[in-house]
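Below is one structure, written out as structure tokens, with a few remarks after it.
This is how it looks when you write it as structure tokens:
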């Protein structure tokens, strides 16, 4: 009986720690909050889009990307995967 309770506790502790790590990506609104939640990105690239400068950060461990407006420091878009998307979805798919 004691071993069963230890296993249940271990499973609950594992899920709790994963839940604490899994922040809602919508809560990450700027580069400072991004830096507070995650270590160095796996991939980083500066790019221009519609005359504005952005930085694309990709984090392999969470398989998620963030696009940051370099002028404001704000996250303009986040998405799953490493294929770069756009902060201007209408123009991106035209």
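Residue numbers (the numbering used here): 379 to 472. Glycine residues also receive a C-beta, built at the ideal position from the N, C-alpha and C atoms. Just so it is clear, the structure is predicted and the values come from calculations on it, not from any experiment.
Between the CA atoms of residue j and residue i - distance to the nearest angstrom
i           : j           : result
residue 472 : residue 429 : With a pLDDT of 46 at residue 472, under the threshold of 50, the modelled position of that residue is not reliable, and the figure given next carries that caveat. Rounded to whole angstroms, residue 472 to residue 429 spans 17 Å at the Cα level.
residue 459 : residue 450 : 24 Å
residue 414 : residue 405 : 12 Å
residue 447 : residue 461 : 18 Å
Three-way DSSP call (helix, strand, coil) for residue i in this model
i           : result
residue 410 : helix
residue 452 : strand
residue 427 : strand
residue 422 : strand
C-beta contact flag for residue i and residue j at 8 Å
i           : j           : result
residue 457 : residue 437 : no
residue 420 : residue 453 : no
From the options, residue whose alpha carbon lies closest to that of residue i
i           : options            : result
residue 434 : 445, 427, 440, 412 : 445
residue 412 : 425, 426, 442      : 442
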